[in-house]
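Each remark here refers to the structure printed beneath this line.
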Amino acid sequence: MTAVVDTPEAGPIEHALTERGWKLTHIFNTHHHGDHTGGNLELKKRHGLAIIGPRADAARIPGIDTQVGDGDTFQFGSAEVRVFDTPGHTRGHISFWVPGSKALFPGDTLFALGCGRLFEGDAKMMWSSLSKLIPLPDGTLVYCAHEYTQSNAKFAVTVDPHNAELAARKVAIDAARVNGLATVPSLLGLEKATNPFLRPFSEGIRTALGVPAGAEDWEAFRAVRQAKDKF
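The sequence shown runs 3 to 233 under our numbering.
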(Lines of atoms letter the chains of each structure in order from A and count residues from 1; the text may use other names and numbers.)
(Lines give C-alpha, C1' and ligand atoms only; values in the text may rest on other atoms or scores of the structure.)
Protein backbone atom coordinates (compact mmCIF):
# COMPACT_ATOMS: atom_id res chain seq x y z
CA MET A 1 0.00 0.00 0.00
CA THR A 2 1.21 3.48 -0.90
CA ALA A 3 -0.42 6.82 -0.14
CA VAL A 4 0.29 10.39 -1.11
CA VAL A 5 -0.87 13.26 1.07
CA ASP A 6 -2.48 15.81 -1.25
CA THR A 7 -1.99 16.00 -5.02
CA PRO A 8 -1.01 19.39 -6.43
CA GLU A 9 -0.36 17.77 -9.83
CA ALA A 10 0.00 14.23 -11.09
CA GLY A 11 3.33 14.45 -12.95
CA PRO A 12 5.82 14.73 -10.08
CA ILE A 13 3.91 12.12 -8.10
CA GLU A 14 4.06 9.69 -11.02
CA HIS A 15 7.78 10.37 -11.37
CA ALA A 16 8.40 9.58 -7.70
CA LEU A 17 6.35 6.39 -7.95
CA THR A 18 8.26 5.23 -11.02
CA GLU A 19 11.64 5.93 -9.39
CA ARG A 20 10.69 3.78 -6.42
CA GLY A 21 8.72 1.12 -8.25
CA TRP A 22 5.67 1.78 -6.12
CA LYS A 23 1.96 1.42 -6.91
CA LEU A 24 -0.25 4.21 -5.60
CA THR A 25 -3.27 2.91 -3.69
CA HIS A 26 -4.52 5.91 -1.70
CA ILE A 27 -4.72 9.69 -1.60
CA PHE A 28 -5.16 11.45 1.73
CA ASN A 29 -6.57 14.95 1.19
CA THR A 30 -6.29 17.62 3.89
CA HIS A 31 -8.52 20.21 2.17
CA HIS A 32 -10.08 21.16 -1.13
CA HIS A 33 -7.71 23.79 -2.56
CA GLY A 34 -6.50 23.04 -6.07
CA ASP A 35 -2.86 22.87 -5.05
CA HIS A 36 -3.85 19.95 -2.82
CA THR A 37 -6.43 18.14 -4.98
CA GLY A 38 -5.38 19.05 -8.53
CA GLY A 39 -4.09 15.57 -9.35
CA ASN A 40 -6.87 13.58 -7.68
CA LEU A 41 -8.94 12.57 -10.68
CA GLU A 42 -6.03 11.91 -13.03
CA LEU A 43 -4.29 9.71 -10.49
CA LYS A 44 -7.52 7.92 -9.62
CA LYS A 45 -8.14 7.17 -13.28
CA ARG A 46 -4.62 5.77 -13.73
CA HIS A 47 -4.38 3.77 -10.52
CA GLY A 48 -7.94 2.97 -9.46
CA LEU A 49 -7.02 4.20 -6.01
CA ALA A 50 -9.12 5.28 -3.00
CA ILE A 51 -9.36 8.90 -1.88
CA ILE A 52 -9.76 9.70 1.82
CA GLY A 53 -10.71 13.26 2.75
CA PRO A 54 -12.60 15.55 5.10
CA ARG A 55 -16.20 14.70 5.89
CA ALA A 56 -16.87 18.38 6.57
CA ASP A 57 -15.84 19.32 3.03
CA ALA A 58 -16.59 16.18 1.02
CA ALA A 59 -18.49 18.05 -1.68
CA ARG A 60 -15.32 19.93 -2.66
CA ILE A 61 -12.90 16.96 -2.71
CA PRO A 62 -12.70 15.55 -6.28
CA GLY A 63 -13.25 11.80 -6.38
CA ILE A 64 -13.58 11.31 -2.62
CA ASP A 65 -14.42 7.75 -1.52
CA THR A 66 -14.06 7.76 2.26
CA GLN A 67 -15.00 10.64 4.51
CA VAL A 68 -13.23 11.14 7.85
CA GLY A 69 -13.35 13.68 10.63
CA ASP A 70 -12.31 14.61 14.14
CA GLY A 71 -11.49 11.65 16.34
CA ASP A 72 -11.65 9.08 13.55
CA THR A 73 -8.98 6.39 13.37
CA PHE A 74 -8.30 4.07 10.47
CA GLN A 75 -5.73 1.45 9.51
CA PHE A 76 -3.40 1.95 6.59
CA GLY A 77 -1.62 -1.35 6.29
CA SER A 78 -0.04 -1.85 9.70
CA ALA A 79 -0.16 1.87 10.51
CA GLU A 80 -2.82 3.54 12.60
CA VAL A 81 -3.87 6.94 11.25
CA ARG A 82 -5.68 9.44 13.47
CA VAL A 83 -7.67 12.39 12.15
CA PHE A 84 -8.14 15.88 13.56
CA ASP A 85 -10.58 18.47 12.29
CA THR A 86 -8.37 21.56 11.92
CA PRO A 87 -10.51 24.27 10.28
CA GLY A 88 -9.34 27.84 9.86
CA HIS A 89 -7.48 27.92 6.57
CA THR A 90 -10.62 26.35 5.11
CA ARG A 91 -13.80 25.37 6.88
CA GLY A 92 -13.30 21.65 6.26
CA HIS A 93 -9.56 21.21 6.76
CA ILE A 94 -8.26 18.05 8.46
CA SER A 95 -4.86 16.82 9.61
CA PHE A 96 -3.52 13.26 9.66
CA TRP A 97 -1.33 11.90 12.47
CA VAL A 98 0.47 8.56 12.22
CA PRO A 99 1.72 7.91 15.77
CA GLY A 100 3.73 4.80 14.92
CA SER A 101 5.77 6.76 12.37
CA LYS A 102 5.90 9.91 14.51
CA ALA A 103 4.49 11.76 11.49
CA LEU A 104 2.01 14.62 11.30
CA PHE A 105 0.53 15.81 8.00
CA PRO A 106 -1.13 19.14 8.83
CA GLY A 107 -1.66 20.41 5.28
CA ASP A 108 -1.95 24.19 5.44
CA THR A 109 -2.92 24.38 9.11
CA LEU A 110 0.62 24.36 10.49
CA PHE A 111 3.80 25.29 8.65
CA ALA A 112 7.41 25.33 9.79
CA LEU A 113 7.48 28.65 11.69
CA GLY A 114 4.04 29.54 10.35
CA CYS A 115 0.40 28.67 9.87
CA GLY A 116 -2.07 28.95 7.02
CA ARG A 117 -3.93 32.10 6.08
CA LEU A 118 -7.48 32.36 7.36
CA PHE A 119 -9.49 32.11 4.15
CA GLU A 120 -12.68 30.55 5.53
CA GLY A 121 -12.21 30.61 9.28
CA ASP A 122 -11.24 33.11 11.94
CA ALA A 123 -8.46 33.40 14.49
CA LYS A 124 -10.39 31.76 17.30
CA MET A 125 -11.13 28.75 15.08
CA MET A 126 -7.54 28.41 13.90
CA TRP A 127 -6.12 28.69 17.40
CA SER A 128 -8.51 25.93 18.49
CA SER A 129 -7.23 23.78 15.60
CA LEU A 130 -3.56 24.40 16.39
CA SER A 131 -4.28 23.65 20.04
CA LYS A 132 -5.22 20.11 19.05
CA LEU A 133 -1.75 19.58 17.56
CA ILE A 134 0.35 21.18 20.31
CA PRO A 135 -0.09 18.26 22.77
CA LEU A 136 1.39 15.75 20.31
CA PRO A 137 4.88 14.46 21.20
CA ASP A 138 7.82 16.80 20.66
CA GLY A 139 9.50 14.17 18.51
CA THR A 140 6.69 14.28 15.95
CA LEU A 141 7.88 15.06 12.43
CA VAL A 142 5.78 17.84 10.87
CA TYR A 143 5.35 17.25 7.15
CA CYS A 144 3.70 20.54 6.27
CA ALA A 145 2.51 21.20 2.75
CA HIS A 146 4.72 24.10 1.64
CA GLU A 147 8.36 25.21 1.85
CA TYR A 148 7.66 28.65 3.32
CA THR A 149 10.13 28.33 6.19
CA GLN A 150 12.66 30.97 5.20
CA SER A 151 10.07 33.70 4.69
CA ASN A 152 8.30 32.62 7.88
CA ALA A 153 11.58 32.91 9.78
CA LYS A 154 12.10 36.47 8.56
CA PHE A 155 8.75 37.38 10.06
CA ALA A 156 9.09 35.33 13.24
CA VAL A 157 12.20 37.15 14.47
CA THR A 158 10.36 40.48 14.22
CA VAL A 159 7.67 39.43 16.69
CA ASP A 160 9.86 37.26 18.93
CA PRO A 161 13.19 39.13 18.83
CA HIS A 162 14.56 37.82 22.13
CA ASN A 163 14.09 34.12 21.39
CA ALA A 164 17.64 32.79 21.08
CA GLU A 165 16.51 29.39 19.81
CA LEU A 166 14.52 31.07 17.06
CA ALA A 167 17.49 33.24 16.07
CA ALA A 168 19.71 30.18 15.81
CA ARG A 169 17.07 28.36 13.80
CA LYS A 170 16.85 31.24 11.34
CA VAL A 171 20.60 31.06 10.72
CA ALA A 172 20.34 27.32 10.07
CA ILE A 173 17.36 27.79 7.75
CA ASP A 174 19.13 30.46 5.71
CA ALA A 175 22.15 28.21 5.34
CA ALA A 176 20.00 25.27 4.29
CA ARG A 177 18.13 27.23 1.65
CA VAL A 178 21.33 28.73 0.20
CA ASN A 179 22.43 25.15 -0.40
CA GLY A 180 19.09 24.13 -1.89
CA LEU A 181 18.15 21.94 1.07
CA ALA A 182 14.61 21.41 2.31
CA THR A 183 13.55 22.50 5.79
CA VAL A 184 10.56 20.15 5.89
CA PRO A 185 9.90 18.07 7.90
CA SER A 186 10.56 19.87 11.14
CA LEU A 187 10.22 18.63 14.71
CA LEU A 188 7.06 19.61 16.54
CA GLY A 189 9.08 20.31 19.67
CA LEU A 190 11.11 22.86 17.73
CA GLU A 191 7.91 24.43 16.44
CA LYS A 192 6.57 24.73 19.97
CA ALA A 193 9.77 26.56 20.99
CA THR A 194 10.14 28.87 17.98
CA ASN A 195 6.93 29.18 15.95
CA PRO A 196 5.15 32.38 17.03
CA PHE A 197 1.80 30.98 15.91
CA LEU A 198 2.12 28.28 18.57
CA ARG A 199 3.28 30.72 21.26
CA PRO A 200 0.62 33.44 21.68
CA PHE A 201 1.04 33.13 25.45
CA SER A 202 4.65 34.42 25.16
CA GLU A 203 5.18 37.67 27.05
CA GLY A 204 7.82 38.73 24.53
CA ILE A 205 5.50 38.22 21.56
CA ARG A 206 2.65 40.02 23.30
CA THR A 207 4.90 42.95 24.14
CA ALA A 208 6.21 43.16 20.57
CA LEU A 209 2.66 43.30 19.20
CA GLY A 210 1.07 45.41 21.93
CA VAL A 211 -1.24 42.64 23.09
CA PRO A 212 -2.51 43.19 26.67
CA ALA A 213 -1.32 40.74 29.28
CA GLY A 214 -4.92 39.81 30.08
CA ALA A 215 -5.90 38.99 26.49
CA GLU A 216 -6.88 35.43 25.68
CA ASP A 217 -4.43 33.32 23.72
CA TRP A 218 -6.61 33.33 20.61
CA GLU A 219 -6.60 37.12 20.66
CA ALA A 220 -2.81 37.20 20.82
CA PHE A 221 -2.75 34.60 18.03
CA ARG A 222 -4.98 36.92 15.98
CA ALA A 223 -2.44 39.71 16.44
CA VAL A 224 0.36 37.45 15.19
CA ARG A 225 -1.68 36.39 12.16
CA GLN A 226 -2.63 39.98 11.34
CA ALA A 227 0.99 41.08 11.61
CA LYS A 228 2.09 38.29 9.26
CA ASP A 229 -0.63 39.19 6.74
CA LYS A 230 0.83 42.71 6.57
CA PHE A 231 4.50 41.66 6.62
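Ideal placement from N, C-alpha and C gives every residue a C-beta, glycine not left out.
All figures in this text were calculated on a predicted structure; none of them were measured in a lab.
- The beta-carbon separation of L51 and A12, rounded to 12 Å, does not stay under the 8 Å limit for a contact.
- The DSSP-derived three-state label of F78 is strand.
- Distance between R201 and C146, taken at the CA atoms: about 18 Å.
- About 22 Å separates the Cβ atoms of D219 and W99, ruling out a contact at the 8 Å cut-off.
- DSSP, reduced to helix, strand and coil, places I54 within a strand of the structure shown.
- The shortest CA-to-CA distance from G102 to any of A18, P139, Q69 is the one to P139.
- In the three-state reduction of the DSSP assignment, L45 falls in the helix class, which pools H, G and I.
- The alpha-carbon separation between L19 and N31 amounts to approximately 18 Å.
- Scanning the segment 55-136 for uninterrupted alpha helix (DSSP H) segments of 4 residues or longer gives 125-135, listed from N- to C-terminal end.
- Distance from V70 to I53 at the Cβ level is roughly 11 Å; contact not present, criterion being Cβ atoms closer than 8 Å.
- Boundaries for A215: no beta strand (DSSP E) harbours it, and the DSSP string shows neither H nor E there.
- A direct Cα-to-Cα measurement between P214 and H38 gives close to 38 Å.
- In the DSSP secondary-structure assignment, A158 is not bridged to any residue.
- The residues P139, G141, T142, L143, in chain order, have a CB closer than 8 Å to that of K104 in the same chain once the five nearest residues on each side in sequence are set aside.
- The continuous alpha helix (DSSP H) containing A195 extends over residues 190-196.
- Taking a 10 Å sphere around the C-beta of F203, we find fewer than 16 other C-beta atoms and assign the residue as exposed.
- Collapsing the DSSP output to three states places F199 in a helix.
- Less than 9 Å divides the Cβ of A58 from the Cβ of D87.
- According to DSSP, residue pairing for I29 in a beta bridge involves V6, I53.
- Residue environment: R171 is assigned as buried (16 or more neighbouring CB atoms within 10 Å of its CB, all protein chains considered).
- Between A229 and L211, the C-beta spacing is below 9 Å.
- Non-local beta-carbon contacts of R119 in its own chain, meaning distances under 6 Å to residues more than five positions away in sequence, are absent.
- The straight-line gap separating the alpha-carbon atoms of F199 and P163 is approximately 14 Å.
- In the structure shown, L183 adopts coil according to DSSP, grouped into three states.
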